[in-house]
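**Student:**
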Amino acid sequence: MTIQLPTGDGGFKTYEPRLEPLAVTTGTPFTSRTVFSAAHVVADPFADVSPDSPAAVDWDATLAFRRHLWSHGLGVAEAMDTAQRGMGLDWAGAAELIRRSAAEAKSVGGLIACGAGTDQIASGSLAEVRAAYEEQLALVEESGAQAILMASRALAAAAEGPEDYLEVYGHLLRQATEPVVLHWLGPMFDPALEGYWGSSDLDAATDTFLEVIAAHPDKVDGIKVSLLDARREIDIRRRLPKGVRCYTGDDFNYPELIAGDEQGFSHALLGIFDPLGPLAAQAVRVLDTGDVRGFRDLLDPTVGLSRHLFRTPTRFYKTGVVFLAWLAGHQSHFTMVGGLQSARSLPHFATAYELADGLGLFPDPKLAEERMKTLLSVYGVNQ
């Protein structure tokens, strides 16, 4: 059986899908790393909404996908960038997602951390930014989940320099009841975050980021760095106060960063672990045994797929993540909140399918092939 895939130059290539998925097994909880998958939301395809409408979420399918991640031992990073915060999912939808997912995590014993930001306001003064953060932080803590303080578009717009970041984050950390994760999301994921921490000079921004942490080490469980710059993450990791973790958010270089070096390693909080969940979990269990080579042998081949999904414009990686969830049978349709299923091209989908199938990511390769052919036919490609 073969499938004709568009190549992007007007031509086609013949691809022969694999017959069997990669064999993965569940096992004991991880011992060497804490690993979160940032999880996508499943849209309700039957809701009569427009891209500008509040998100219509299929709650049953959305929570089922979280149970899938938990079943493999992964933690869920909820209401993050992968869940289309600010790109289809507004604060009202995110708040409901946090409440539902936190309750589900409690019922199954799953690890969960949730994003707290300021997306209930488009802009405002520093006082209004603080109040927005406080509202979201309170909701996350009331849900029983760990809080992730997300980068804020409103703060990026309102802050006049590093001192404003120090003041706002210091205020939030002093009132947090439990240690939080600080999230530095680079402008490749969200252009509105250019100059975060008060400077477009990354060295200066890093110094401010580390100053916030140094002033409140007892209130910072860890940091998530999403700059797609392995050397910078390693530098930040080595400068963290003792006991503060680094959670890699680098979807380009995650195998080497999680494996670490003689001076330390990164834990993980990654969007790419949404489609890679079972394989990533198996790799971490191999790493738990001390087998770094075996870990890299499993995870290194996935980097090509991740770099493809996260190619520029990087913020549209969510489209590829949801596309693969559909092919893998985790949802019955390829519809996204905000209409974001249109954000990538047919050749992009074709390459994503080929790379994911080659890795054995689809539990039912025949189903994935049939769905890929269905998508091709919608675009006028008949097999």
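Here the numbering used here = 1-based position in the sequence shown + 9. Every residue, glycine too, gets a C-beta built ideally from N, C-alpha and C.
May I ask you to list the residues that DSSP assigns as paired with T23?
**Tutor:** Answer is Q13.
**Student:** Which of helix, strand or coil does DSSP assign to K233?
**Tutor:** strand
**Student:** Could you give the DSSP three-state label for E45: helix, strand or coil?
**Tutor:** Note that residue 45 corresponds to Phe in the displayed sequence, not to Glu. Three-state result, F45: strand.
**Student:** Is it the case that the Cβ atoms of S110 and L72 are separated by a distance below 9 Å?
**Tutor:** Yes, the Cβ-Cβ distance between S110 and L72 is below 9 Å.
**Student:** Alpha carbon to alpha carbon, what distance is there between V117 and R76?
**Tutor:** 8 Å
**Student:** Where do the N-terminal and C-terminal ends of the beta strand (DSSP E) with Q155 fall, by residue?
**Tutor:** Q155 to L158
**Student:** Roughly how many angstroms separate the alpha carbons of A292 and F304, rounded to a whole number?
**Tutor:** 5 Å
**Student:** Does the beta-carbon of P250 have 16 or more other beta-carbons within 10 angstroms, so that it is buried, or is it exposed?
**Tutor:** exposed
**Student:** Let me check one thing: in DSSP terms, what residues is E87 bridge-paired to?
**Tutor:** C123
**Student:** Grab the span of the beta strand (DSSP E) containing R254 for me, first residue to last.
**Tutor:** R254 to T257
**Student:** Tell me the rounded alpha-carbon separation between T217 and D210.
**Tutor:** 11 Å
**Student:** Is D57 buried or exposed, if buried means 16 or more other CB atoms sit within 10 Å of its CB?
**Tutor:** exposed
**Student:** Identify, in the order they occur along the chain, each residue of the same chain with its Cβ nearer than 6 Å to the Cβ of S315, setting aside the five sequence neighbours on each side.
**Tutor:** So the qualifying residues of the chain are D260 and I281.
**Student:** Under 9 Å, do A156 and V190 count as touching if we go by C-beta distance?
**Tutor:** yes
**Student:** Roughly how many angstroms separate the alpha carbons of M43 and G84, rounded to a whole number?
**Tutor:** Correcting the residue type first, residue 43 is Thr in the shown sequence and not Met. Per the coordinates, the alpha-carbon of T43 lies some 8 Å from the alpha-carbon of G84.
**Student:** Would you kindly report the start and end of the unbroken alpha helix (DSSP H) that includes L349?
**Tutor:** Neither: L349 is in no alpha helix (DSSP H) and is coded neither H nor E.
**Student:** Pull up the distance between the alpha-carbon of G389 and that of L158, whole angstroms please.
**Tutor:** Computed Cα separation, rounded: 44 Å.
**Student:** Per DSSP, which residues does D270 bridge with? Please list them.
**Tutor:** G273
**Student:** Assuming P374 and P26 form a contact by the criterion Cβ under 8 Å, report the distance between their Cβ atoms to the nearest whole angstrom.
**Tutor:** About 5 Å separates the two Cβ atoms, so the contact holds.
**Student:** For R94, which residues does DSSP report across the bridge?
**Tutor:** Residue pairing from DSSP places R94 in a beta bridge opposite L98.
**Student:** Using the Cα positions of L307 and H339, report the straight-line distance between them to the nearest angstrom.
**Tutor:** 23 Å
**Student:** If I'm right that G286 touches H81 with Cβ under 8 Å, what's the distance once you round it to whole angstroms?
**Tutor:** 6 Å
**Student:** With a CB to CB cut of under 8 Å and the five nearest residues on each side skipped, what residues in its chain are close to I245?
**Tutor:** T215, F218, L219, I232, V234 and C255
**Student:** Could you tell me which uninterrupted beta strand (DSSP E) segments, each at least 3 residues in length, are contained entirely in the stretch 140-194, listed from first to last along the chain?
**Tutor:** 155-158 and 189-194
**Student:** Decide if F358 is buried, meaning its Cβ has at least 16 other Cβ atoms within 10 Å, or exposed.
**Tutor:** buried
**Student:** Return the bridge partner residues of L279 from the DSSP annotation.
**Tutor:** S46
**Student:** Whole angstroms is fine: what's the gap from L175's alpha carbon to R139's?
**Tutor:** 12 Å
**Student:** Could you check what DSSP says for V390 in three-state terms: helix, strand or coil?
**Tutor:** Correct three-state label for V390: coil.
**Student:** Less than 7 Å between C-beta atoms, sequence neighbours within five positions excluded: which residues of the same chain meet that for G273?
**Tutor:** Within the same chain, G273 has close Cβ partners R246 and R247.
**Student:** Where do the ends of the alpha helix (DSSP H) carrying E203 lie?
**Tutor:** It is not in any alpha helix (DSSP H) - E203 carries neither H nor E in the DSSP assignment.
**Student:** If we call anything under 9 Å between Cβ atoms a contact, is V331 one with Q350?
**Tutor:** The Cβ atoms of V331 and Q350 sit closer than 9 Å to each other.
**Student:** Can you say whether F55 is buried or exposed, counting buried as having 16 or more other CB atoms within 10 angstroms of its CB?
**Tutor:** It is exposed - the Cβ of F55 has fewer than 16 other Cβ atoms within 10 Å.
**Student:** Since A52 contacts D67 with CB under 8 Å, what's their CB separation in whole angstroms?
**Tutor:** 6 Å
**Student:** Do you know how far the Cα of D366 is from the Cα of E150?
**Tutor:** 39 Å
**Student:** Count the other C-beta atoms from every protein chain shown that fall within 10 angstroms of the C-beta of H49, then say buried if there are 16 or more, exposed otherwise.
**Tutor:** Burial check for H49: the Cβ neighbour count within 10 Å reaches 16 or more, so the residue is buried.
**Student:** CA-CA distance, G169 and T344?
**Tutor:** Rather than Gly, the amino acid found at residue 169 in this sequence is Glu. Their Cα atoms are separated by approximately 40 Å.
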